[in-house]
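Everything in the sequence shown is counted per the working numbering, starting at 5 for the first residue and increasing by one. Idealized CB from N, CA, C, for every residue including glycine.
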Amino acid sequence: MKIHIPKITVLMPVYNGMPYLAEAVDSILNQMLKHFTFMIINDGSTDETEHYLNRLDDKRLRIVHQPNLGLGASLNKGISMCETEFIARMDSDDVALPGRLEAQLSFLDHHEEVGLVGAQFAYLGASGHQGFSPPMPCEHKAIYTDLFRGRIAIMHPSIMCRTSVLKSIGGYRVEGIGEDWDMFLRMGEATKLANLEEVLYLYRLNSASITVRQLLETRMRVNHACHSAAQRAEGLPEISFDTFVAEQHRRSFLQRAGNAMDTYALAQYRHALAEILGSHRVLGYARLAWAAMCAPRRTSQRIYRKLRK
């Protein structure tokens, strides 16, 4: 009997994953590629997540229950426990299309210079409707340039990477929102980045989690990650997040107001996508128009990217 040694660990932390957790888990267990380890870290969930996970019966599963530590700390714990050549990420409310793991593994096997590969994605509404696939760049230079400038170039839960490279950079810096952006930039300094051309991942839009306050914090964390990368490129020491925030608050009122308006428009834009893909299409298109009025240049750029495919 042939023994298959898994080359991939799919790493999925989850906190209060219901009601979408089962769909996410099934999308991994039903992959065309059958041989992998699926590590699910229950990060102190208080809903029915633990009960659901304890009922699962599949030899590929490795279930870890722990007190709530947060996403970054949970990912680092999973990375430290991983013994396979590759790690693939997955979020507990999203869907991996059937050919995802097979395509990414094949790509990394044939491109030894690449240490991390993502995939194109489409948005998934609460009602299950799919749509809007913003094209991600596929080549390292374009990906890193976009990341360095604060533009989305990789969908975090769609990635597969070489475990050795991720461990060599120390995994994630546990600093809250934006941990993925910092990791991408540091990975891009250590190896080549890539995206596949195929849509292999469905990213669920949850309008309840889209707030201006959260987006403002996310943008600040992303800007700090980009500033840190620029400092490293110049051979200069990085500054702390608190110091960076203090410097940003010393900007002019008009600069800060413009940033706040852009962030508000982004929140409206994401709410609009969730409504269009849900059951409120008319409201969604009206909100999209409002987002365009609040920040016409940025919103038109976002819409253009969505419609290019």
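When DSSP reads this structure, Y127 sits in a beta bridge with G135 and Y207. In summary, L170 is buried, with 16 or more beta-carbon neighbours lying within 10 Å of its beta-carbon over all protein chains present.
Distances from the alpha-carbon of N72 to those of R64, L33 and K81 put K81 closest.
Secondary structure at V68: strand, using DSSP grouped into helix, strand and coil.
As the crow flies, the alpha-carbon of D62 is around 8 Å from that of L33. Three or more pairs of CB atoms, one per stretch, sit closer than 8 Å, so the stretch 20-31 contacts the stretch 53-61. Within the same chain, and ignoring the five residues on either side of L220 in sequence, the residues whose Cβ sits closer than 6 Å to its Cβ are T267. Burial is judged here by how many other beta carbons sit within 10 angstroms of a residue's own beta carbon; L128 has at least 16 and is buried. Cβ-Cβ separation between F125 and K11: approximately 23 Å, too far for a contact (criterion under 8 Å). If you compare the alpha carbons of T195, L112, E242 and V99 with that of K145, the shortest gap goes to T195.
By the C-beta density criterion, N46 is buried, having at least 16 other C-beta atoms within 10 angstroms. Where V18 is concerned, the enclosing beta strand (DSSP E) starts and stops at I12 to V18. Per DSSP, the unbroken alpha helix (DSSP H) holding I32 starts and ends at L25 to L33.
The residue among L200, R190, V14 and M36 with its C-alpha nearest the C-alpha of I44 is V14. Around the beta carbon of M224, 16 or more other beta carbons sit within 10 angstroms, so the residue counts as buried.
Residue nearest to P161 within the set H284, R236 and L101 is L101 (criterion: CA-CA distance). Going by C-alpha positions, E143 is about 29 Å away from N263.
Annotated three-state conformation of G119 is strand, per DSSP. Runs of the beta strand (DSSP E) spanning 3 or more residues and lying entirely within the stretch 57-113 occur at 65-70 and 90-93, in chain order. According to the DSSP assignment, I44 belongs to the beta strand (DSSP E) that extends over T41 to D47. Secondary structure note for M164: its beta strand (DSSP E) is the uninterrupted segment M164 to R166.
With a 10 Å radius around the Cβ and a threshold of 16 neighbouring Cβ atoms, D113 comes out exposed. For V178, there is no enclosing alpha helix (DSSP H), as DSSP marks it with neither H nor E. In this structure, DSSP gives A296 a helical state, which the three-state scheme calls helix. Under DSSP, K196 takes part in a beta bridge, and its partners are V118. Taking each of A295, A276 and E193 in turn and checking the Cα distance to G239, the smallest one comes out for E193.
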